[in-house]
Amino acid sequence: MTNPAQWGLFAWQAGWVFTLHSLNMMAKPDGAGAELTRLALEKQKAFSDGWFAAGRAAMQGADPAAVMAAAARPAQRRVSANLRALRRKG
Numbered sequence: 044m045t046n047p048a049q050w051g052l053f054a055w056q057a058g059w060v061f062t063l064h065s066l067n068m069m070a071k072p073d074g075a076g077a078e079l080t081r082l083a084l085e086k087q088k089a090f091s092d093g094w095f096a097a098g099r100a101a102m103q104g105a106d107p108a109a110v111m112a113a114a115a116r117p118a119q120r121r122v123s124a125n126l127r128a129l130r131r132k133g
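Under this note's numbering, the first residue of the sequence shown carries the number 44, and numbering increases by one thereafter.
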């Protein structure tokens, strides 16, 4: 993810995912605790995966842009998957 437009799209998608999850939890507050826990664990896993991917890329001698892209890839995948799932929910 070296193109600035990709970072913009990622930020836009992340904002929408946050907004749609928030609206869903306001509409169904009885399941909000479990949903918040699931979302927190999902973000922790994406962060850890990105941390290790960046470390691997750096140890292999990748350039800084490739290291940054490797670090962001797991979070980007989760955000895209969440957005697709939320769109299907309607």
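Glycine residues also receive a C-beta, built at the ideal position from the N, C-alpha and C atoms. No experiment lies behind these values; they were computed from the predicted model shown.
Rounded distance between the beta-carbons of residue j and residue i, thought under 8 angstroms
i            : j             : result
alanine 96   : arginine 116  : 6 angstroms
glutamine 44 : glutamine 119 : Reading off the sequence shown, one finds methionine at residue 44, where the question assumed glutamine. Sure, about 6 angstroms apart at Cβ, within 8 angstroms.
histidine 64 : leucine 82    : 7 angstroms
leucine 126  : tryptophan 59 : 6 angstroms
alanine 101  : valine 110    : 5 angstroms
Distance between residue j and residue i (C-alpha atoms, nearest Å)
i            : j                : result
leucine 129  : alanine 48       : 23 angstroms
proline 107  : serine 91        : 19 angstroms
leucine 84   : methionine 68    : 17 angstroms
alanine 75   : phenylalanine 61 : 13 angstroms
alanine 105  : lysine 86        : 25 angstroms
lysine 132   : lysine 88        : 24 angstroms
threonine 80 : asparagine 46    : 32 angstroms
leucine 66   : proline 72       : 10 angstroms
Residue burial classification, residue i (beta-carbon count within 10 angstroms, cutoff 16)
i           : result
alanine 113 : buried
alanine 70  : exposed
glycine 93  : buried
alanine 77  : exposed
alanine 54  : exposed
Alpha helix (DSSP H) segment containing residue i, residue limits
i            : result
threonine 62 : 47-70
query = Which full runs of the beta strand (DSSP E) of 3+ residues lie inside the stretch 79-107, going along the chain?
reply = The stretch 79-107 contains no whole beta strand (DSSP E) run of 3 or more residues.
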